[in-house]
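**Student:** Numbered by the numbering used here, the letters in the sequence shown go through residues 866 to 1060 in order.
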Amino acid sequence: MQTSNSTPANDRRSQGKVIVLTGPSGVGKGTLVQILLQRHRELYLSVSATTRSPRPGEIDGKHYYFVSRSDFEAMIVSNHLLEWTEFAGNYYGTPRLPIEQKIAEGKIVLLEIELEGANQIRTSLPDALRIFILPPSFSVLEKRLRDRAQDSPSAIHRRLQRAQIEIDAAKEFDIQITNDDLETALHLLEAALFN
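#1: Taking the continuous alpha helix (DSSP H) assigned at Q1026, which residues delimit it?
#2: When the Cα atoms are used, what is the spatial distance from P889 to L999?
#3: Along the chain, where does the beta strand (DSSP E) containing Q1041 start, and where does it finish?
#4: Please classify R995: does DSSP put it in a helix, a strand, or coil?
#5: Taking contact to mean at least 3 C-beta pairs separated by less than 8 Å, is the segment 1022-1041 in contact with the segment 890-906?
#6: Could you work out which residue in T1043, K1036, F1038 is closest to V1005 when comparing CA atoms only?
#7: Let me know the secondary structure DSSP gives N984 once reduced to three states.
#8: Taking the beta carbon of S943 as the centre, do at least 16 other beta carbons fall within 10 Å, making it buried, or is it exposed?
#9: Find the nearest neighbour of K927 within the set K1008, L1025, Q1041, Y909, judged by alpha-carbon distance.
#10: In three-state terms, what does DSSP make of E1048?
#11: Start and end of the alpha helix (DSSP H) containing K894?
#12: Within the same chain, show all residues whose beta-carbon is closer than 8 Å to that of V932, passing over the 5 residues directly before and after it, in chain order.
#13: Hey, quick one: how far does the alpha helix (DSSP H) through P963 stretch, first residue to last?
#14: Tell me, to the nearest whole angstrom, how far the beta carbon of I996 is from that of D1039; I am working on the premise that it is less than 8 Å.
#15: Given that a residue counts as buried once 16 or more other Cβ atoms are within 10 Å of its Cβ, and exposed if not, what is G954?
#16: Which same chain residues end up closer than 6 Å to R1009 when comparing Cβ atoms and leaving out the 5 residues on each side of it in sequence?
#17: Nearest to D936 by alpha carbon, out of G922, V974, P960, P919?
#18: Assign E1072 to one of two classes, buried (16 or more other C-beta atoms within 10 Å of its C-beta) or exposed (fewer than that).
Here it is as structure tokens:
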């Protein structure tokens, strides 16, 4: 009888990893993530910390960890964040401890974050798989943003300017997936996550 101290390759606990998803606003990241979470209960979606106030219906610990500015700054100083940024006067970031715990449990952790945060993750978690979600074209992205009817024309203009910068950075990511057809994009994402 042969014995071994190594963990079997098919042991789920040995497969903990981090997947970073980014792409421009309106590309469909949120929709893709929601469907992935419904289809694959073993996935864990990272919850970000923020200093902004909760919006109606948002729950602390589910949508965000809502923290004070001083607490967030203490998290920065103590290296308790994998990535962070300041946007529109508020801090946003990914707490390190819950991610490390889920990796240790063998979970696949999804981080749906902006380009700046994705670039910081490359330094803090170099083994993370970084996936960029692309629109089929810039004009399709613009139409999606306008059809959402969530932003003013000036806000859409700003989002499109930022989108061009983000799309230009897509080649720096491990995988690029074009969200033209939702099911096709989902199959490509699942292949990246589970292979």
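Think of the CB as a built atom: it goes at the ideal place given N, C-alpha and C, for glycine as much as any other residue.
**Tutor:** This is what the structure gives:
#1: 1018-1033
#2: 7 Å
#3: 1040-1043
#4: strand
#5: yes
#6: T1043
#7: helix
#8: exposed
#9: Y909
#10: helix
#11: 894-904
#12: A914, T915, T916, M940
#13: 961-969
#14: 7 Å
#15: exposed
#16: G891
#17: P960
#18: Past the boundaries of the shown model lies residue 1072; the chain is included only from 866 to 1060, so the question cannot be answered.
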